[in-house]
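Input: a single structure, listed below in structure tokens.
In mature numbering (1 follows the signal peptide of the UniProt record, and there is no 0), the protein residues as written are -25 to -1, 1 to 554.
Put into structure tokens, the structure is as follows:
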């Protein structure tokens, strides 16, 4: 090898050492060693195990901060602020590409090889990236520069107050207050979920409301951790209550600034039957005396199921004095989205029944069963059946019914009286009345659906009322033969068959059948008709054959003997009297 070649090789080695020496010096500042990038690991391990309770929390914090660990989202370059321990990878892309792993030193600086030192502590990642690119491009021409955050710094945070394991834990700059609370074993039963304080350098830096965060998912309620933060969890404070027509009636911890809209939102929003014309707030300041009640009118402002926006509306304030319950009304006050106080009661009333839109229920064999709104005094049966899509092929109009709930509330005092009397003590007419009323369907209206929809008899098209039930029966293509027959059961319906023929198909009368008391129960009306009077059975009808009553032959014999004895006695007395 020539002397010229040796000199060229030596010059190349010297130039490479010159580039590498500043980076190695920067690693020495962090107390690390080895190649580029090792400084971040050393800095992370330097957090130690302060307070003797870092254990599990430190492991979890390290896992979250480790390369490749899951983050909740991509890091926002405008929000993430650099600090000691972060590692930036700088790439200079030209004819000879070069990349460097540059840790942020304990002094908050990065050392650019052969270029110089730049302060980056506290700078947003985006601003630091622009600053580094600008500085490199002063010395390098025709290259592209990239600056990437490749490793997150780790730092200590202190978690104190009402947590299971207070202590010091390792965190990264993408961890939130909820993570610190979890590392400390979670909250105690007495802990506040809504008034968590984050302090830094003796000052309140941020507040965390973990309950609101779980409800709304807004990041500001669960702030990111920063170097040296102290997370303090106080005892829970007083509650306010939300009751009435809300999806989750509950007591909620009060935080200054909570408003009516927050209370309704936390309670899961209003139910479908909530009365939104007015909302009520009952206030008990100073331990409950006096009592204030605010009536917040809707005033045309829509109140959604998941939020409420009242706006500046006049409020009626009823002040209730414990003595005499004197009410004073002041309409001059205006309440926006009212701010709540501890111990307030927010009450949402249910819409009064008379203000609900009237509904009728359509059940059974229609295409779309369900509840349908009506206009009382206008809507008829045929209209509602049309809204329900008409009948299915299995509909059986003869047995279909209209039930009026309104009539269910009408009391039949005579029937109620008879229900409490033994049948043996009833008079014949009382028993007949009781028997007929017992067989009735409560609230049944007289409507012949067959006549209405087949014969088009509009006299059957009744006006509907709130709460009516239209029940379209399912077709029954059989006649039931029950009671004292050989094989009781259902016989396939055949037009023209008589009662006797259906009984014969059931095996005929049984031995103790009371043939003369055979009855037919009509499917449509429930009417009981003597079998001998029925010429034509219909599908769904029932043939009932009762059992002969037991005869007391010995009792009858004794009665005959007794009567005969009495007659003979009277005869003998009369005969003696004539002698």
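Quick reminder that beta carbons are idealized off the backbone N, C-alpha and C, glycines included.
For residue 480, which three-state DSSP category applies? In the chain shown, counting from the first residue as 1, residue 480 sits at position 505. Looking at residue 480 - three-state DSSP - the assignment turns out to be helix.
Quick check on this structure: which residue in 212, 170, 210 and 511 has the alpha carbon closest to the alpha carbon of residue 470? In the chain shown, residue 470 corresponds to position 495, counting from 1. Cα-wise, what sits closest to residue 470 is 511.
Rounded straight-line distance, which links the Cα of residue 356 to that of residue 197: Along the chain shown, one-based indexing puts residue 197 at 222. Along the chain shown, one-based indexing puts residue 356 at 381. Straight-line Cα distance between these residues: approximately 57 angstroms.
Report yes if the C-beta distance between residue 439 and residue 520 is below 8 angstroms; otherwise report no. Here the question's residue 439 lines up with position 464 in the chain shown. Here the question's residue 520 lines up with position 545 in the chain shown. In this structure, the beta-carbon distance from residue 439 to residue 520 does not fall below 8 angstroms.
Quick one, are the C-beta atoms of residue 173 and residue 156 less than 8 angstroms apart? The sequence position of residue 173 within the chain shown is 198, counting from 1. The sequence position of residue 156 within the chain shown is 181, counting from 1. Against a cut-off of 8 angstroms, the Cβ pair of residue 156 and residue 173 comes out as no contact.
Contacting residues, own chain, Cβ-Cβ under 7 angstroms from residue 446 (five flanking each side not counted): In the chain shown, counting from the first residue as 1, residue 446 sits at position 471. Within the same chain, residue 446 has close Cβ partners 338, 339, 375, 376 and 378.
On the criterion of 16 or more Cβ atoms from any shown chain inside 10 Å, does residue 158 qualify as buried, or is it exposed? By one-based count along the chain shown, residue 158 stands at place 183. Classification for residue 158: buried.
Could you work out which residue in 369, 333, 367 and 341 is closest to residue 353 when comparing CA atoms only? Here the question's residue 353 lines up with position 378 in the chain shown. Here the closest residue by C-alpha is 333.
Across which residues does DSSP place residue 249 in a beta bridge pair? Counting from one through the chain shown, the residue named residue 249 turns up at place 274. According to DSSP, which records beta bridges pairwise, residue 249 is partnered with 325.
How would you label residue 154, buried or exposed, when you count the other beta carbons within 10 angstroms and need 16 or more for buried? Mapped onto the chain shown, residue 154 falls at position 179. That one is buried.
Identify, in the order they occur along the chain, each residue of the same chain with its Cβ nearer than 8 angstroms to the Cβ of residue 215, setting aside the five sequence neighbours on each side. Mapped onto the chain shown, residue 215 falls at position 240. The residues are 226, 227, 229, 233, 238, 315, 316, 317, 318, 319, 320 and 321.
By how many angstroms is the C-alpha of residue 406 removed from the C-alpha of residue 454? On the chain shown, residue 454 is found 479 positions in, with the first residue counted as 1. On the chain shown, residue 406 is found 431 positions in, with the first residue counted as 1. Cα-Cα distance, rounded: 29 angstroms.
Residue 380 (DSSP reduced to helix, strand or coil): The sequence position of residue 380 within the chain shown is 405, counting from 1. Helix.
Kindly indicate the opening and closing residues of the beta strand (DSSP E) around residue 90. Looking up residue 90 in the chain shown gives position 115. No beta strand (DSSP E) contains residue 90, which DSSP labels as neither H nor E.
Just to confirm, are residue 52 and residue 100 a CB contact at a threshold of 8 angstroms? Taking the first residue of the chain shown as position 1, residue 52 is located at position 77. Taking the first residue of the chain shown as position 1, residue 100 is located at position 125. Result yes, Cβ atoms of residue 52 and residue 100 sit closer than 8 angstroms.
Would you kindly work out how many angstroms separate the C-alpha atoms of residue 110 and residue 199, rounded to a whole number? As a first step, residue 110 is located in the chain shown; it is residue number 135 there, counting from the start. As a first step, residue 199 is located in the chain shown; it is residue number 224 there, counting from the start. If you take the alpha carbons of residue 110 and residue 199, they lie about 30 angstroms apart.
Please confirm whether residue 125 has its beta-carbon closer than 8 angstroms to some beta-carbon of chain C. Note that chain C does not occur in the displayed structure, where there is just one protein chain.
In this structure, how does DSSP classify residue 555 when only helix, strand and coil are distinguished? With the chain running from -25 to 554 in the structure shown, residue 555 is simply not present.
Along the chain, where does the beta strand (DSSP E) containing residue 338 start, and where does it finish? Counting from 1 along the chain shown, the entry for residue 338 is found at position 363. Taken as a continuous stretch (DSSP letters only), the beta strand (DSSP E) holding residue 338 covers 334 to 339.
Would a C-beta distance cut-off of 8 angstroms place residue 313 and residue 249 closer than the cut-off? Taking the first residue of the chain shown as position 1, residue 313 is located at position 338. Taking the first residue of the chain shown as position 1, residue 249 is located at position 274. Not in contact: residue 313 and residue 249 (Cβ atoms no closer than 8 angstroms).
Return the Cβ separation of residue 363 and residue 450 in integer angstroms, given the expectation that the two are a contact with Cβ distance under 8 angstroms. Along the chain shown, one-based indexing puts residue 363 at 388. Along the chain shown, one-based indexing puts residue 450 at 475. Contact doesn't hold; Cβ gap of about 17 angstroms is too wide.
Limits of the unbroken alpha helix (DSSP H) element including residue 145: Within the chain shown, the letter at position 170 stands for residue 145. For residue 145, there is no enclosing alpha helix (DSSP H); the residue is part of the beta strand (DSSP E) that begins and ends at 142 to 147.
Taking residue 336 and residue 444 to be in contact with their CB atoms under 8 angstroms, please state how far apart those CB atoms are, rounded to whole angstroms. On the chain shown, position 361 is the one that residue 336 refers to. On the chain shown, position 469 is the one that residue 444 refers to. Contact flag correct, Cβ pair sits at about 5 angstroms.
Locate the alpha helix (DSSP H) running through residue 129, then write down its first and last residues. Counted from its first residue, the chain shown places residue 129 at position 154. Segment 129 to 136 is the beta strand (DSSP E) holding residue 129; no alpha helix (DSSP H) there.
Taking all protein chains shown into account, do 16 or more other C-beta atoms lie within 10 angstroms of the C-beta of residue 539, making it buried, or fewer, making it exposed? As a first step, residue 539 must be located in the chain shown, where it is residue number 564. It counts as exposed.
Cβ-Cβ separation, residue 59 to residue 83 (assumed contact under 8 angstroms), whole Å: Start at 1 with the first residue of the chain shown, and residue 83 comes out as number 108. Start at 1 with the first residue of the chain shown, and residue 59 comes out as number 84. That belief holds up - the Cβ atoms of residue 83 and residue 59 are roughly 6 angstroms apart, short of 8 angstroms.
Considering just the uninterrupted stretch of the beta strand (DSSP E) at residue 73, what are its terminal residues? Here residue 73 refers to the residue found at position 98 of the chain shown. Here the beta strand (DSSP E) through residue 73 covers 73 to 78.
Is residue 98 closer than 8 angstroms to residue 86 when the C-beta atoms are compared? By 1-based counting over the chain shown, the position of residue 86 is 111. By 1-based counting over the chain shown, the position of residue 98 is 123. Cβ distance not < 8 angstroms, so residue 86 and residue 98 don't count as in contact.
As a quick exercise: from 115, 498 and 162, pick the residue whose alpha carbon is nearest that of residue 138. Sequence index remark: in the chain shown, residue 138 carries index 163 (1-based). It is 162.
Over what stretch of residues does the beta strand (DSSP E) that includes residue 156 continue unbroken? The residue labelled residue 156 in the question sits at position 181 within the chain shown. Counting along the chain, residue 156 falls outside any beta strand (DSSP E), though it belongs to the alpha helix (DSSP H) covering 152 to 158.
For residue 256, does the count of other Cβ atoms within 10 angstroms reach 16, so buried, or fall short, so exposed? Within the chain shown, the letter at position 281 stands for residue 256. That one is buried.
Residues bridged to residue 84 by DSSP? Walking along the chain shown from the start, residue 84 turns up at place 109. BP columns for residue 84 point to 94.
For residue 542, is the classification buried or exposed, using 16 other Cβ atoms within 10 angstroms of its Cβ as the cut-off for buried? The residue given as residue 542 occupies position 567 in the chain shown. Looking at its Cβ environment, which holds fewer than 16 other Cβ atoms inside 10 Å, residue 542 is exposed.
Rounded to a whole number of angstroms, what is the C-alpha to C-alpha distance between residue 258 and residue 223? In the chain shown, residue 258 corresponds to position 283, counting from 1. In the chain shown, residue 223 corresponds to position 248, counting from 1. C-alpha separation (whole angstroms): 21 angstroms.
Can you check whether the CB of residue 425 is closer than 8 angstroms to the CB of residue 515? On the chain shown, position 540 is the one that residue 515 refers to. On the chain shown, position 450 is the one that residue 425 refers to. No, the Cβ-Cβ distance between residue 515 and residue 425 is not below 8 angstroms.
Near residue 42, what residues of its chain come up, given a Cβ to Cβ distance below 8 angstroms and the 5 sequence neighbours on each side ignored? In the chain shown, the residue the question calls residue 42 occupies position 67. Reliability of the predicted coordinates at residue 42 is poor, the pLDDT of 36 falling under 50, and the value obtained from them is presented with this limitation in mind. Within the same chain, residue 42 has close Cβ partners 125 and 126.
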